[in-house]
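The structure under discussion appears below in the form of structure tokens.
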Amino acid sequence: MRLIIVSGSLRAASYNTRLARLLAGVAGEGVKAEAVTLHGIPLYNGDDEAASGIPEAVESLRGKIKAADGLVLVTPEYNAGMPGVFKNALDWLTRPGSEMKPTFGGRPTALAGATPGAWGTAFAQAGALINLRQLGCHLFPDYLRISNAGDRFNGDAADDQLVEQAAGWLQGFVGFAGGA
Numbered sequence: 006m007r008l009i010i011v012s013g014s015l016r017a018a019s020y021n022t023r024l025a026r027l028l029a030g031v032a033g034e035g036v037k038a039e040a041v042t043l044h045g046i047p048l049y050n051g052d053d054e055a056a057s058g059i060p061e062a063v064e065s066l067r068g069k070i071k072a073a074d075g076l077v078l079v080t081p082e083y084n085a086g087m088p089g090v091f092k093n094a095l096d097w098l099t100r101p102g103s104e105m106k107p108t109f110g111g112r113p114t115a116l117a118g119a120t121p122g123a124w125g126t127a128f129a130q131a132g133a134l135i136n137l138r139q140l141g142c143h144l145f146p147d148y149l150r151i152s153n154a155g156d157r158f159n160g161d162a163a164d165d166q167l168v169e170q171a172a173g174w175l176q177g178f179v180g181f182a183g184g185a
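Under the numbering used here, residues 6 to 185 are what the sequence shown spells out, in order.
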């Protein structure tokens, strides 16, 4: 099984990029997981699309998603919502419109996120669900929400409880994606 794990943050010291790498690292036997970021994806502009087509960074990410058996989206939470860079990537990935269904339709998709706050990206994930349902994703009903992330990571290392929690959650998603 192949998973693509996308961090929705551009920040160098992002808890969500660390979480994406942690998830890729705890993928079990028989699972190939790759953590990626959204660096290089420009702001969506229909005029730019008409003049220059789809940017290479978008095509590359789309290719990885299409080649995967499951998609894990790891989103930060900014002001009780998903960050613009995350939504922007979703917008680009549906262009042209004929790419929406092949990229997302029926694809097993899970949401995860980490935040220094107490709510564990619950609001960002709730907002993302609206978009992902519209895109036709087959949504994993269990969400990974990491609160107090500053206490859970030491550099790229995570505390033992978080490693165990992430591994158990990802194992559940692998089972879901394998049966989808």
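Ideal placement from N, C-alpha and C gives every residue a C-beta, glycine not left out.
Problem set entry | Beta-bridge partners of K37, as assigned by DSSP | R7
Exercise. Ordered along the chain, which non-local residues of its own chain (more than five positions away) have a Cβ less than 6 Å from that of D164?
Worked result: R157
Exercise. So the beta strand (DSSP E) V77 belongs to, where does it begin and stop?
Worked result: G75 to V79
Problem set entry | Unbroken alpha helix (DSSP H) run spanning L98, endpoints | G89 to L98
Exercise. Does DSSP classify Y20 as helix, strand or coil?
Worked result: helix
Exercise. In or out: P107 buried (at least 16 other Cβ within 10 Å) or exposed?
Worked result: exposed
For this session: Indicate the three-state DSSP secondary structure (helix, strand or coil) for L28 in the structure shown.
Result: helix
Exercise. Roughly how many whole angstroms lie between the Cα atoms of G13 and H44?
Worked result: 9 Å
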